[in-house]
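Residue numbers (the numbering used here), protein chains in the order written: chain C, 827 to 1148; chain U, 31 to 729.
By construction, the Cβ of each residue, glycine as well, lies at the ideal position given by its N, Cα and C atoms.
Below: one structure, written as structure tokens.
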């Protein structure tokens, strides 16, 4: 889509305006120079970049860990058949996880905004309270949503617990909503108008060119066609698989089954076949699998005595509640 | 002699603290610092506490350089117990000395009255304050209590959000304060973007100046004033008015260090969307203040409070306007989508929404509300037509909870339902009942306008209260997640306003509606009734009624809030109008009640009566007839006037008649007469509770 003003209100030629892939490349470059391992997207369906093992499992234990990656996320219920300019059932997050959280992490984060062309001194950048909790992962943290001129562009979280275990040291997670951020930078009002790529000859691909048909088809699949019997069966089969693999102390492949269960549950939810009372039961089943994977990871990968960790975490929670 | 004093400046520099937590912590700090200094016997002239999202500041002026010396005197056991026959200290003396931290040999003997006791005398000399401050301030940091706190990095300390710097100065001297791997220094930071710093502070008295120069409005008060006057200027300029809900204002004040007020606008086309959703989107989601015209109609302008560089206002406004657009187009999209379906469709989908874990879905709740409304319409003697509307409104009242618009903008529940109901051709009374059945939503909120709406509100609130009590989830202490207290206050307000239905019968029916979920119906009904009585009592106290009058009415065991309130009101009115008569009557009642021997009954032998007794009996008979008549009409003012007429006869009786006559028959007959006197009062209130002399009478 043609445009002539950037976020700074200054006239620019469209050549300088960063594309969707420029934004990703800049973020990768920036966090790479901060010493992060740049991973490629995880090859399993996830509802959020947090659910990727490189975040959720690696946040456990004492070892230093720094990573950044793009992750495609699926939220079947958010599909709008490509008709809503702000909602997608598949979208991208740029995820950063650093453990332990650096003292200057807020400044590092602001540096990443500068790296993608946002002159933070000219804008109203705010850290607005937003605490994060994932009931399915037994995880929670405190932090903010970051606003630029009123627009939420990033979730910023200090992880306190994962899988019911106390995080020590504490990881910091930054989750950028790439579509929204790029819409803001490019000044477009519809996700589908985001310029994804632009060749030197002027050939332009928009987000719509790349994903509009995908949204139409998957919305229809998620809401109308996904085979619910198959999905119920898949949920149960993946649950058994997870538990069986955990017996072999293989937390990583077992965790893949947790993700499969989550996705099957999300699809069933979109299909409207999970009643309100069953819903909680399914979430609890996923949570107990996720916790078991975290426990196994701590015990067999990190090498911590899980009994002690669980006890400490219970006490920690008690302190905070008080 | 003037003692030398200094200024203490202490700043806890943090990452952004949540707005409401910050406000609470700031209030806490004022008292905590004063208590901390008093406990350490450090004199000071005054304390100032300031805060911004990134800092908590304590200034103490004219802080003494030395602590106050302390001479303590503790009285111990009697000498006879402190030393044995041989003059050696006993266990009692040893324990006492140890407890007070003195040698047993240092105990002194002093006579108090006729007895000699041992005393422990302790002298704590004055100390230099400076070396004590580090430890005190470290304790102060951890003593701040936060609703939620976190750890960060590899630290084990907790705070609302990570602490990034500490400044502690006593005049120009740095006080070493250690917390979470940090050591206090003499540098602070400015506004994150306008003057980040670090900035050196040469003297405690200079901290505020340094912050002002670094674009930090350190005072919550000053930020509030700046925002208010900025908004007032906008209102004048555009000839519009804004609404500033206290919570949102506080949030905005505590989301900024250097606030500036900006005006933005959005496409007028969005004004076709129901106003309430737009206001929700602006206020709740974005913390913008909507602007209204002189007829209080929403306009397409709004106020945003920025923390950015005021020179960049144009860019910031443009950005904020860009955020509003998708929000409002979402709202428009949701609204239009919702309108494509009949409300019945949403009712069916209510079984996907949980009301409460053990209490089933909103669909089930809808059915219970409908059953309760059916009963209430009969009790309130509603017309056929109104009953039909009430029934329809009950069926539809929760439907909008699964509409797109309410899922996205929760505060418009009910209101959207009404829009959709009208669009679906429901009549106005049904639509209004759907919109208003959440009322009253908070203390001082007006109840719904129409009776049909009120009955629906009553049913909804009572169903919630009964259900949660049935599963043991009634409110405890400060925890009331389902806002049951507020719900009860709403019901009581409506009853007091003449809703004309009985509460207790409705409680029983509400519990029946839950069927097998209620294990012990009688016990729960009792508990719920008591809950309402307590709420009624609280309301009456808040309205300023005397606790004696309230207790007097409650003592006779009425559970209907409307009756309790009416009686308290009448009793208070007559006590104010005829204070002496009522006091006298209360005293007489208390006296009679103390003497009363219920076992004797109240059948009086007429042949044994003297004239004063006959006069009392006549008055009683007359009062009995009047009281039962007025009570039947719930006319408490007249009832009380009838009782007031007993004042003279009972006073004369007590003066002229010797009750405890030697003749057993006479005595018992007189006691029976007193029993009858007490009985006239018993259905109305326990007047003894209002008697000033009651205590001396009974003791």
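Annotation: Cβ neighbours of residue 338 of chain U in chain C (cutoff 8 angstroms, chain order): 948, 949, 950, 951 and 975.
Within the same chain, and ignoring the five residues on either side of residue 427 of chain U in sequence, the residues whose Cβ sits closer than 8 angstroms to its Cβ are 396, 399, 444, 447, 463, 464, 467, 486 and 490. A direct Cα-to-Cα measurement between residue 599 of chain U and residue 641 of chain U gives close to 36 angstroms.
As far as DSSP is concerned, residue 878 of chain C takes part in no beta bridge. If you check the CB distance, residue 669 of chain U and residue 657 of chain U come in under 8 angstroms. From the listed residues U/108, U/203, U/686 and U/239, the smallest Cα separation to residue 147 of chain U is found for U/108. In this structure, the alpha-carbon of residue 645 of chain U lies about 26 angstroms from that of residue 665 of chain U. Excluding the 5 residues flanking it on each side, residue 45 of chain U has same chain C-beta neighbours closer than 6 angstroms at 191 and 192, in chain order. Separation of residue 64 of chain U and residue 278 of chain U (C-alpha to C-alpha, rounded to the nearest whole angstrom) is 30 angstroms. The distance from the Cβ of residue 562 of chain U to that of residue 591 of chain U is about 6 angstroms, consistent with a contact at the 8 angstroms cut-off. Along the length of the stretch 877–954 of chain C, whole beta strand (DSSP E) runs at least 3 residues long occupy 891–900 and 916–925, reported in chain order. Sequence-ordered contacts of the stretch 268–282 of chain U with chain C are nonexistent [C-beta pairs closer than 7 angstroms].
Within the stretch 1026–1049 of chain C, no residue places its CB atom closer than 9 angstroms to a CB of chain U.
With 16 or more other CB atoms across the displayed protein chains lying within 10 angstroms of its CB, residue 996 of chain C is buried. Non-local C-beta neighbours of residue 892 of chain C in its own chain, meaning closer than 6 angstroms and more than five positions away in sequence, comprise 861, 862 and 924, ordered along the chain. For residue 333 of chain U, the enclosing beta strand (DSSP E) stretches over residues 328–336. With a minimum length of 4 residues, the unbroken runs of alpha helix (DSSP H) contained wholly in the stretch 481–521 of chain U fall at 481–500. Here DSSP, grouped into helix, strand and coil, assigns residue 577 of chain U to helix. In the DSSP assignment, residue 195 of chain U falls within the beta strand (DSSP E) that extends over 193–200. From the beta-carbon of residue 207 of chain U, no residue of chain C is found nearer than 8 angstroms; the closest lies around 17 angstroms away. Under the 10 Å beta carbon count, residue 685 of chain U is surrounded by fewer than 16 other beta carbons and is classified as exposed. Closest in alpha carbon position to residue 331 of chain U, among U/294, U/354 and U/302, is U/294. Under the three-state reduction of DSSP output, residue 1022 of chain C falls in the strand class. Excluding sequence positions up to five before and after residue 998 of chain C, its CB lies within less than 6 angstroms of the CB of 924, 927, 931 and 984, all in the same chain and listed in chain order. Between residue 257 of chain U and residue 335 of chain U, the C-beta gap is smaller than 8 angstroms, which places the two residues in contact. Residues of the stretch 288–316 of chain U that bring their beta carbon within less than 8 angstroms of a beta carbon in chain C comprise 316, in sequence order. When DSSP reads this structure, residue 86 of chain U sits in a beta bridge with U/42 and U/81. Counting along the chain, the unbroken beta strand (DSSP E) around residue 974 of chain C starts and ends at 965–974.
Each residue's CA atom was taken as its position, placing residue 902 of chain C and residue 270 of chain U some 43 angstroms apart. Taking 9 angstroms as the cut-off between beta carbons, the residues of the stretch 903–915 of chain C near chain U are 906, 909, 910, 911, 912 and 913, in sequence order. The three-state secondary structure of residue 296 of chain U, taken from DSSP, is coil.
Residue 82 of chain U has a beta carbon lying at 8 angstroms or more from every beta carbon in chain C. At the C-beta level, residue 920 of chain C and residue 850 of chain C come within 8 angstroms of one another. Proximity of the stretch 502–520 of chain U to the stretch 357–364 of chain U falls short of the contact definition, fewer than three beta-carbon pairs being nearer than 8 angstroms.
Taken in chain order, the stretch 1038–1071 of chain C contains no complete alpha helix (DSSP H) segment of 4 residues or longer. At a Cβ-Cβ threshold of 8 angstroms, residue 429 of chain U and residue 376 of chain U count as neighbours.
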